[in-house]
Each structure stands twice: as C-alpha cells, then as structure tokens.
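Structure first, then comments.
2 protein chains.
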Amino acid sequence: MTKAIETDLTRMFAPRSAALVGATDSTTSFGGRVFRQMTNFGFPGKIYPVNPRLKELAGLTCYASLKDLPETPDHVGIIVATERVFDVLADCAAVGVPFVTVFSAGFSESGTPEGRERQAKLLAFGRQSGMRFMGPNCNGVINFVDSFAMTSTMAIAGPRAPAGNVGVVSHSGGLGQVTLMWRAQEIGLGISYEASSGNEADLDTLDFARFMLRSDATDIVLMAIEGIKDGEKFREVAHEAAEREKPIVVLKLGSTQAGSRAAASHTGAIAGDDDIFDAVARQYGLIRVHEVPQLYETAVLLRRRRWPKGRGAASVSPTGGNVVQLADAGDTFGVQWPEYSAGTQAALARLLPGYGQVSNPTDMTSLATGQRELYRSALETIASDPGVDVVVPIFASGTTDDLQRGADFVTSCEKVAAMLWVGGCTDDAAFTRKDLVKAGASVYRDAMPCMRAMRAAMDFGDYVRLQKSGRANPERPAGMDREAALALLRGFTDKLTEREAKHLLAAYGFPVTREKLARTADEAAGYAREIGNAVALKIDSPDIAHKTEAGAIRLAVHGDDAVRAAYAQVVEAARRYAPEARVNGVLVQEMAPRGSEMMLGVIRDPVFGPIVVVGLGGIHVEVLKDVAYRAAPVTSQQAGAMLSELRGAKLLDGVRGMPPRDKAALADLIVRLSWLAHDLRAEIAELDVNPLVILEDGHGARVVDALIVRTGS
Amino acid sequence: MTKAIETDLTRMFAPRSAALVGATDSTTSFGGRVFRQMTNFGFPGKIYPVNPRLKELAGLTCYASLKDLPETPDHVGIIVATERVFDVLADCAAVGVPFVTVFSAGFSESGTPEGRERQAKLLAFGRQSGMRFMGPNCNGVINFVDSFAMTSTMAIAGPRAPAGNVGVVSHSGGLGQVTLMWRAQEIGLGISYEASSGNEADLDTLDFARFMLRSDATDIVLMAIEGIKDGEKFREVAHEAAEREKPIVVLKLGSTQAGSRAAASHTGAIAGDDDIFDAVARQYGLIRVHEVPQLYETAVLLRRRRWPKGRGAASVSPTGGNVVQLADAGDTFGVQWPEYSAGTQAALARLLPGYGQVSNPTDMTSLATGQRELYRSALETIASDPGVDVVVPIFASGTTDDLQRGADFVTSCEKVAAMLWVGGCTDDAAFTRKDLVKAGASVYRDAMPCMRAMRAAMDFGDYVRLQKSGRANPERPAGMDREAALALLRGFTDKLTEREAKHLLAAYGFPVTREKLARTADEAAGYAREIGNAVALKIDSPDIAHKTEAGAIRLAVHGDDAVRAAYAQVVEAARRYAPEARVNGVLVQEMAPRGSEMMLGVIRDPVFGPIVVVGLGGIHVEVLKDVAYRAAPVTSQQAGAMLSELRGAKLLDGVRGMPPRDKAALADLIVRLSWLAHDLRAEIAELDVNPLVILEDGHGARVVDALIVRTGS
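Chains A and B, in that order, give the protein sequences.
The opening residue of the first sequence carries number 156 in our numbering; numbering runs sequentially from there.
The opening residue of the second sequence carries number 156 in our numbering; numbering runs sequentially from there.
This is the structure:
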C-alpha cells in the first residue's frame, strides 16, 4: 500500500493548455483519434500537437518536441512506442509539466517481467519528478463541464452531449466510456467528468473519484473498477463521499472466478477476495451493484441527493399487474409498504367513494382510467401519509402532458419520489424517458431498477446520518491494554500457544477459561482440585497448534488419579505426535460452561488489512461457509450487523429448547477483537478464537481455545 | 382442480366474424376503445357492433341484440354493466356462439361474496352451455398473425407492429399488453398472439399458452402470471412445450409477501407457495425469470429455438472491461469458459502472431481496433473449438456495416450465438438494436441478460434431450406394494403411530428399524434380548405424535432390569402427558446405527398436489430452512438434483472425519417416497420420515421415526 501524495487534479481535467505527443493526421491511428477528439470537443485553451514528422496539424502548428513549445502545458498526453515513453517523460519533467497521461501500452498489462519492470520505473520516475500521471495503457479523461477531452473513444464523436452532475471512473476505457458513460447519456443523464485509468502506475480510480467528489459539478460518482489497491485510501474517499453526501456507486468487475482471471490479464489491479470487498464497501457506505446498467439506473434517482427518512414506500398505479410487480421489487430490496394511516384512509375514502379500504401499493385500475385529477389527488394524499418515506407513482401509456405532470410531481414532491413509466407516449412517439431524465426527473422504465435505487438512497441516507452522528466512528471500549499485549507478544516469533494467546486476549478484555500450566502430574492434580469439578487437560507446546489432531487433550477429567493419568496420556500423545516438539507442560483448565460455540478470527487482506471474521462454530464455518467480515476496527452497530448477516443467527436467539445467548457480549467481543487486530496489525498475521462459547443471555462468554500466529513467522 | 375441457381456440383468436356487445362511439368509454381497436387493427372478417341505443357505428350497422345479427359470430365481446352480463350470455348461448370474452368487472376480483357468486354462476353457465369464455374482468386477445384484436389497450393504438413468433400470456392487461408486449415490440421482437385472461372463470393462462404452443406462428411463450390454478394442466402444458421444443418463460407476480397481498386484491388467482412453484417450474422444464424485461430479453435468443449442447461459452472482445463483465455474467449463471483447444490456440497463433497464449473469454483490445477481418477470423476460429457450445462476440461502437456483419455472424454461426453490442452506431445514430432484433438476430445490449438467456437455452436444451430420452418420466422402482399400503391405511381415520407408519413405509421398500410392540414390561425385556445390544423404548399411542415432547421415550437402554424400568417410565410419562390417550403399548426398537440424520416429508400443495420435501435433520430444516421440493412422483435424476440443491449437501460427502454417506440409497428413498405420496395422495395428508438415518456409503439407510396423517383427519 502506498499512500498517494494528494494533489488537486483540476489542471489535469481543466488544463489551460494541453499537448499531445504522438498526434497524427491519420483517422485510424490512436494518436490521430485522440487529437481529433481534443480539437473537436470545444476546448477553449491552447492545444499543442507534438510530432517531429509534421509541421502542421488541422491548422495548428505541430512541434518536434515538448521543449519547443511556447509555454509549459498543464497536461501532456503521450502516445508513442513503448520504448520512447521514458524519453518523452524526461522532456515533460525538463519543462515542468504537472500532469501527464500515458496512453501507450506495453507495461504491467502485458504480464511480462519487462512490462512490470517498465511500470515500476514509471512510478519511480513520477515520484522523483513530482509529476502526477494517469496510465499507462489508459484512455484518458473527458471533462464535459470545461470542454476538455483527451481520449480516443468514439463515444464522444457524435453531437456533444450536455454536461451533467454524474462522474464516471473506470479502469477500462471501453467499459467506462461506452458501456457506462455513453449509455448513461443515452438514458438522459449528464456527465461531469470521466476518467479511464488503465494500469494506474500513479493516479488510480480513487484519486479520480476524490477529484470528482470535491468538484461542485459532480453530485454522484459511478465507478466500474477491477479492484482497489489501497484500502486506506478507499476508506478515506468513502468517508469524504458520505461527508459531502455524494454517493459512490461501485461495480467491481472480476467478482467471480472467471472474471478475476480475465481481470488479471487486463491490468495489474489487485482484486481482493470478493466477499471481503463486499463487506468493506458496505461498511464504508458505498453502494455496490453488479452490472453496468445498475450503475446509471441508480444514478437516475441518487444524483438528486435526497435521502429517505425510512423504509416505507407507497405507490398508486393505473394497472394491477404493474403494482404487483412493483410490490415484489420493493420486497426484493427490503423496502416496506406500510398500511396507510387512518387519516390517509379517510382522505382516500372522500376521494374514492365506495372503494373501501385502500391497500398499499394501491391499484386504481378502474378508477384511474382517464381521471388525471383524481389520480393526482390520490397520489398527493398517500405522499403526505406520515408512514410513507418514498413515493413511486406508476404510469402506463400517456400523453406528453400526462407524463410531464408525473415527472413534475416526483421532482417537486416533499418525499423522495420516482416515477415508474412502463409504457409509451400516446401523442408523440418520439417522446421518451430520456426527455424527462434530461430535465432532471427520476423516471424509471422498470420496477427492479427503481426499487434498487430507492433502497440505495435509503441505505446511503442511513449512512450519512450515522456518520454525522459520529456513530460511524469505531469507539475503543474500556479495558484494552495495548502495551501489555505488545509486551506479551515480544519474545514470540512464531505461534502462541493457547495459554499465551488467551493471556493476550485477556489484555483486550476477553473472558477466558480458568487454567494453570502444570509441569508434573502432581501439579496437575493440585490445580484440578483448585478449579473444582471436572477439568480439561491440554498439551501446551508452541509446536503443536492442533491439539485434538495430536490426541493431546483430555476432557471432563475428574478426581486426583484420573487427572494424573490424563496428564501422562496427554504428554505421551504429544511425544508420539511430534517427538521434537518443545513442551511447556500441560494446561489444566475448567470445563467450558454450556453455550453456543462461535468462531472469531482475524485474517489479513492484502488491500484492506486486518479483517474480522465471525461465524457459528463447526459445520457453519467449515461446511456451510456462513461467515461475516468487516475491516478492523468495527463499531458496535457493525458488530451487530455482522451477526444478523449470518444465516444461522437465529440459533443464538433460543431455538430447539436452548435459551437465548448473550449476543451483547458477543458483539462486544467482536469490537474488542477488531481493536486488537487493528492495534497489533503489524505483529499478528492470523488469529483464531475457536471456540468462543456464548453463554445464556446476561452471562457473557468464554474463550475456550485460541491460536495466534505472529507476522513473519 | 378442474380439468378443463380441451378446446381448439383458433376461432377465438382468428374468428371469421366477431361481435362487440356494448360498442359505443365514445373515445373515452371502454366499449368505444375496444370497438375502435377492433376496426382499426385490419381485421378482414365481419365486425358486428351491438348496442340498442345506436343504429350505426363507424359506418357499420349497429344491432340492438345478438339475436338480430345476420350470422352467428365466432367470438363475442361483452362490455355491459355487471348485472346485464348474464342476459347477454343467454343470447350468446341462444344463437350458438362458441367463444365469448367478458370484459365486464364486478366478479371475484371485487373480493365480495356477491362477486364470487357471480363468478361461480358464470362458470356454471359456461359448462352447461358448452361455450368457452375469457374473463371476466379481462382485457381480451390480440392476434398479430391474422389481424384480429378485441381489447381496450392503447398499446396497439399506434402504427401496426409487425407479427412475429413470440406469444404473450398474462392475467393483467396493463402488465401483459404494455410492460411486456409493447416493450418487447420496442426492442424489435414480433408478437404472434397476446391474451390477458383476467379472473379466469373458464379459460386460463395455460389454455392460452397451449393454444399458442400449438400454433405454427409461435416459437416461444412468455407468461406473466399471478399464479396457477391447475397443477396437472401446468404439467401437461410444460410437457407439450418441451415436446414441441418451444420454451415457456414464466414470471410469477406476487412471489414475495407484499406482492402476494396485492395479487389477492387483483384477481382470484391462487398463488401457491413460491418455493414450491419455483421447484415445480424447474422440474417441468419451464424457464423462470423475476422481472418483465427478463421475459423479453430471454426471448431475443430463445425464439430461434436452437439449444446448446453443453455449458461451454467463448467470446472475443475489442475492449477489456467488457470481456470481464461478460465473464462475470457467465459465471453468475453457471456458464463455463473452457480453455481453447491446442488446435484453436495454434490457429489463433497464426492469426495473431506474438499474442501468446490466448485465454477465454478473449480480450483483443489493441489488435482488434479497426481490424474487422482479423476480428471475424478470430471469432470463427474460437466458434469452431470443440469445447465451445455458445459464442458471444462483443461489439462496442461500430458502423452500420460492422454491426450488420456481427448480426449476420451470430445468425449464421454453427454454434448458438448472440452478439453483445454495448455502444452506438457511428454512421447512423438512428440505427439501433431494434433494427437487428427485428431482422431476427440475437443481439443484446448488456452482459447479464445475454448470459441469462444463454443459460436458459442450455437448461431448456438439457430438458428437451432428457424428455426425448424418456428419462424425464418418473420410473416406478421395484418392491412397492400399493395394495398392501392401502390395506394398512384402511382402518385409520386419523394419525398413524410410528410403528404403523413404518409398516406402510416398509411396503414401499423403506428399510426401518427392527422393533416389536410390547404390552408388558416382561414382553419388553424379552424383545430387548431378541434384538440384542441396547434398545430404545417409545410409547405407541395414536394420540401422542410428539413422543419426545411427552418424555415418553428412553434411549440406549441395556439389560433386563433397565428395560423393565424404562417400560414403566415410558408408560407413566405418557399418562402424565395425556391422561386420556389410547396406548397400544411400548415399542422396543433397535438403536439406530450411526449416520447422518435426514428429514423426508410430503406436504400437499393446493395447486400441485403432493410435494416431496427433503432436508438435513435438526437445525438445517427447522432453523436454516435448507430444504428442496419437487412434485410427486420424481425421477432419480430429480432426486439427485434435490440433494445437490441443499446448502448442507456437502455434509453427506464425508467432512470433519465422517465417512461419505449412502447418497444413492437416499435418492432411491426420495423416489420411493414420491411414489407413495403420488399413489396414496387421496389418503395421506401429511407424512414425515424424521429422522431417516443415512449410513456409510454402501450401507443404506434406516427409518428411525415416522408420522403419517390421514386425509380428512
């Protein structure tokens, strides 16, 4: 992870002047296409083509070298053979160019050692020179706000699309500029900026997203990425998005196995494990989607930056089937359809005499036909219901005027609203959704994308409120002693035994089993008497991590003789299993009280650092893969959310005659573990608390076994 | 369940003459709108408006009554006040009209007792008269093939859309005719017939689907339904679809809770439990989707009726990001991306010198730009790879000619192929996907719908092949004695005890525990000695279904005295639990051998009849809801599929030190249970085999406990 130097990218996206090294007059060459887009896009600043083979290009003076330019351009594009890139970069540095876009390929994306070496050299060069650059192997930037484009894409070749408030960031040019940006424009969205970052030797998708978030011209950022390289920067940018109330919607490509394979062959992006990415994106308030249309469809509503206060939706429809489809779609995304209040029912009864009890969503089939004013009144009535947070009126086919009024309603509604228009325009076949979306209205053609966007607005609103309240910041519980834990860790270079791991966990407030290390059978018998009742005996050896596998464990041992015999058996089993193992002695331990076995763990993600994992014990983790993840540290709210994500969560609530378990204690321990993982991230490679027994509600929990692996071991 | 009289609906959809009772000259009234659509749709036959208040309508003679018409029309539409519907129907019957569409509302959809009564009367009238009719509360039929429309929808008001090979069936007019049919036409699909069936007092969506399947004009049927009323007809129609190799794609509205509520208020359709519908639809080879666009997007490919031979896909793309998105989408739907064969690699190496090993899907970014012939050659090369079953070339933006060539490729390709065109047309902005789809090509704008359709084609192909092979027909295993089972059931009117239920299961070939019914403690001790080892003692009473709850069970009892004591305890516990219970005695039973506990059951679905349920025992069924369903009887292939649908299926494969279990025996018992459920469907209301212990592979299984509830009890 490199912490990028922060730079204001304004002069990259809106340079006062720009040069293109490798500009040509060919309509098929890459350099020719980029040059043509630059000159055709209405850029008000100076453009300097650089090509030693030409004197003039499209009426502009063509220069042999950057050094010959009459001024230092703010932004230089480079489209030359791979082996010449570094010469041009040296020229850029020599004249003091601040921003460079390296279009040329032949770097890490080639998958060859030479390619990777070239890319490392590029990064080093940038760091040394202080220049910031995009690429290599990228497709540049488009700025609709200030009319600057430096890219080869044909997606801006037609009539100039109007600027808007949606920012687009992608690794891939084809996907980002065509499948996402151009298609978003086709449904009526306006784009502020677009960046296709390619191999990201320096500036990455997060830098571009941050620039867009900070610009007044952008209200929402759509990202189609192949991975994230810097988890900390990801967290910072997400935090800033919530602070500014500008959502980031993210599509992570290569989220499946075959996808990952293709991603690896395309750029050098490091794709973290998808489950972890998913959990962390949610944790940081990002909106994750799974295909390109979901990116721009979500933006149709969220670009307005209005956040519902709750999950309650209402709808009025002129057709029955469509209202059922909308209700289904709402349920799919956890949006609720509350019963209307008595006041609303009374108002509706006055409007629709003889209709009877009105259910939500509301099918007005026979009443609504041709009754525009009645429809509008019913809509306003349900919108003012106190239990309704969002309103989704349905329109089938209608006149331009009908549709325009519908769009006006959703735009001016006091509640967050979107119009679901499923049909056509009866008096102007050329009138489409694009006309309404272009004018700023939230209009959908289908129920699913509409309700997906509603849920996203609800989630982002929740997150913004949480962050404003300060509850999005993890709070350090009392009774955690980092220094003591570090002192304990010192002296270990490898694994910690169960006993040692428990000492460390105890320093972070974990309740552990009572236990003592016996070095003789007599000591063991003595300790067993102290503990009382039956005890467990377990080998204590840094070389035997899996004690059960070694057979070096005896449970529920009771009485002096039995304890002495068990001591001998445990030592003997350990000897047989690993003759060379260092043995500290035998741990004499209270038997764990009855409860539900959980597994808590910490793994290290190359991108996001220490990740806390929780699952129910046994088959739930190992076979059913029923686990939840979060990046450390976590808030108590997130710890609770992790538990509710488990399919087996109900097992903690008291089923099949078992009492409910102490979920509060469990959530507290998840938080503590997350701080331990965070505080000692440089020291601990892996950590398992397994089993952690959760006792009856109000009785806490007990660490029965644990394992810690040091970094570098 | 009513078995509908089979009728050829040709004269309903393509009448020689049609009358509309309630035709008016008003542009806003329902009758006026339907009449206008009838006359404007180009119908070549005679149209007879019937309205006693008018002499003439749009240049046609208007009749006071059906009895005044010069001939008997094949199809009569009725748009009159609810209370007058029966008078008009009497007129229809009097002149011998074969087909009627009742548009009028006020029947079961009103939710009132009078409405339901009227609907019952309607059905009775139809049965008695022999007339077949659609509705009430429906929106009629549209026949693009023969130019007949009797419907109010504005969706056919514009220029006449060309006929095509896609049939559309829906309960709802708004959803079926606008959201589905009109929108399908907007992307270039042609419709053969459309039917919006409303309340379905007589003809239902399955009747219309069957008519369309049998018509040469239809190659695929899209259904947007709120439920199915007749499970047997559903099976028959699905069977015919596979036989004719014409897929049915089905969207079931009201599949979620809120959706179901709205559905209940819209029509009288009975919505079965959604999990059961889902399982049965799959079992019968239907393609289920979850939103309207998925219906018509699936049809873009499947209307061509070509079925891939396997799951292997390949793609070539001019842009990297899009190929990753396609790979992800393929993985989402279980489509595979096989490595290219050595022969393909060699051919590609000749085409693309220096490119190195080519992976699938193939990103040709730098090579493909402007290299149309090269792209085409690469495409043909991968299409001929023996491991490739389907081909999905990606196009970004291109000229009309480029795009037309792409469409021609996928249409003429020897493999099943679809084109993914994500961008625009560079030389004609008005050229869209609609132009290509209209001409018959399978062209998609987005990766997800494209790969969803590919998977659907693969699944339907598998099902068609299965059905042709005869393996789709459940086969009756040997050793099932229906007569013996019936004889056992006779004499029971209520629940069967464990012992009695096991006798019945044994008659169908289930291996049950060795056991005897003891009536005294001494008998029990004697039986225990016969069985040897430890035994279980359980109360045998028709009035105590839950023996564990009653405490009337003792496990692992060993030795004469212990058995005698246990006998007394079990009897005593039963007395305490249910003093009035009839007690047959105490069952002395061998202890079940070690194995995995499963739950097998039968429930009765009001639509689909007996449904077999399988799940792992304990928390898996009760808490994790990890179960699989099928309608009885099932094939062995389906029994295996049920097991693989369980999330916990891996637990049977030998995890955590347990040996693999006898899954073949388990699958055989699922098949046997399904036949039992089918054979005795009139006799058995509920059946539980719980636990069924599955032993080590090769050692079979053992029924440890079972419960049967008789119908009517």
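Quick reminder that beta carbons are idealized off the backbone N, C-alpha and C, glycines included.
Leaving out five residues on either side along the sequence, give the residues of the same chain with a beta carbon under 6 Å from the beta carbon of residue i.
i      : result
T216/A : none
G750/A : V848, I849 and L850
S420/A : In this prediction, S420/A has a pLDDT of 39, which is less than 50 and means its spatial position is unreliable; what the coordinates show is noted afterwards. Excluding sequence neighbours, S420/A sits near nothing in its chain.
S410/A : D429
In the DSSP assignment, find the beta strand (DSSP E) that holds residue i and state where it starts and stops.
i      : result
D852/B : It is not in any beta strand (DSSP E) - D852/B carries neither H nor E in the DSSP assignment.
Y530/A : Y530/A -> not in any beta strand (DSSP E); alpha helix (DSSP H) instead, spanning R527 to A538.
S172/A : S172 to V176
H230/B : H230 to I233
I889/A : Residue 889/A lies beyond the stretch modelled for chain A, which goes from 156 to 868, so this question has no answer here.
A711/A : I708 to V712
M753/A : S751 to D760
K671/A : E670 to A673
M378/A : I375 to I380
L771/A : G764 to L771
Taking the alpha-carbon positions, what's the residue i to residue j distance?
i      : j      : result
A596/A : A372/B : 41 Å
L506/B : G475/B : 19 Å
K871/A : V543/A : The structure shown does not extend to residue 871/A, since chain A is modelled only from 156 to 868, so the question has no answer here.
L450/A : L335/A : 8 Å
D614/A : W462/A : 9 Å
Y218/B : L175/B : 10 Å
L742/A : G386/A : 40 Å
G353/A : V323/A : 14 Å
A680/A : A728/A : 19 Å
G427/A : P632/A : Residue placement at G427/A is poorly supported in this model, since its pLDDT is 46, which falls under 50; the coordinates still yield a value, given next. In a straight line, the C-alpha of G427/A is about 29 Å away from that of P632/A.
S625/B : E398/B : With the sequence shown as reference, residue 625/B is identified as Gly, and Ser is not the correct amino acid for it. Between G625/B and E398/B, the C-alpha separation is close to 11 Å.
T872/A : Y439/A : Here chain A has residues from 156 to 868 only, and residue 872/A is not among them.
Return the first residue and the last residue of the alpha helix (DSSP H) that residue i is part of.
i      : result
N195/A : F185 to N195
G295/A : It is not in any alpha helix (DSSP H) - G295/A instead sits in the beta strand (DSSP E) that spans G295 to N298.
E745/B : From DSSP, E745/B is part of no alpha helix (DSSP H) but of the beta strand (DSSP E) over G740 to E745.
P604/A : A602 to S624
Going by DSSP, what residues sit across from residue i in a beta bridge?
i      : result
M289/B : T256/B
A469/A : V546/A
E841/A : V864/A
Q332/A : Q332/A is not bridged to any residue.
The ligand GDP and residue i: does the residue's C-beta get closer than 7 Å to at least one heavy atom of that ligand?
i      : result
A482/A : Here there are no bound small molecules, and the ligand GDP is not part of this structure.
For residue i, which residues from the same chain have a beta carbon less than 8 Å from its beta carbon, with the 5 sequence-adjacent residues on both sides left out?
i      : result
L862/A : K650, L651, E653, A656, A700, E841, L842, D843 and N845
F488/B : M606, R607, M609 and R610
G270/B : G261, F262, S263 and E264
D695/B : T652, E653, R654, L672, V738, N739, G740, V741 and L742
Cutting at 7 Å between CB atoms, please list the residues of its own chain near residue i, excluding the five before and the five after it.
i      : result
I425/B : Confidence at I425/B is low in this model, with a pLDDT of 34, below 50, so its placement is unreliable and the value that follows should be read with caution. Around I425/B: G382, K384, P761 and V762.
P402/A : I375, A396, I442, L457 and F615
S347/B : F299, V300, A318, G319, N320, V321, G322, M367, S370, A372 and T373
Inset, instruction - Could you list the residues in the segment 461–488 of chain A with a C-beta less than 9 Å from some C-beta on chain B, going in chain order? - result: S472, P473, T474, G475, G476, N477, V478, V479, Q480, L481, A482, D483, A484, G485, D486 and T487
Legend entry - Residues from the segment 385–401 of chain B in contact with chain A, defined by Cβ distance under 9 Å: none
Legend entry - Contacting positions in the segment 526–557 of chain A - beta carbon closer than 8 Å to chain B: A551 and S552
Inset, instruction - Check distances from the C-beta atoms of the segment 569–599 of chain A to those of chain B and list, in chain order, the residues that come in under 7 Å. - result: V577, G578, G579, T581 and A584
Legend entry - Against chain B: residues of the segment 251–284 of chain A by CB proximity under 7 Å: A260
Inset, instruction - Using a Cβ-Cβ cut-off of less than 9 Å, give me the residues of the segment 320–331 of chain A that come near chain B, in sequence order. - result: S325, H326, S327, G328, G329, L330 and G331
Legend entry - Contact residues within the segment 795–815 of chain B, judged by C-beta distance below 8 Å to chain A: R802, G803, K805, L806, V810 and R811
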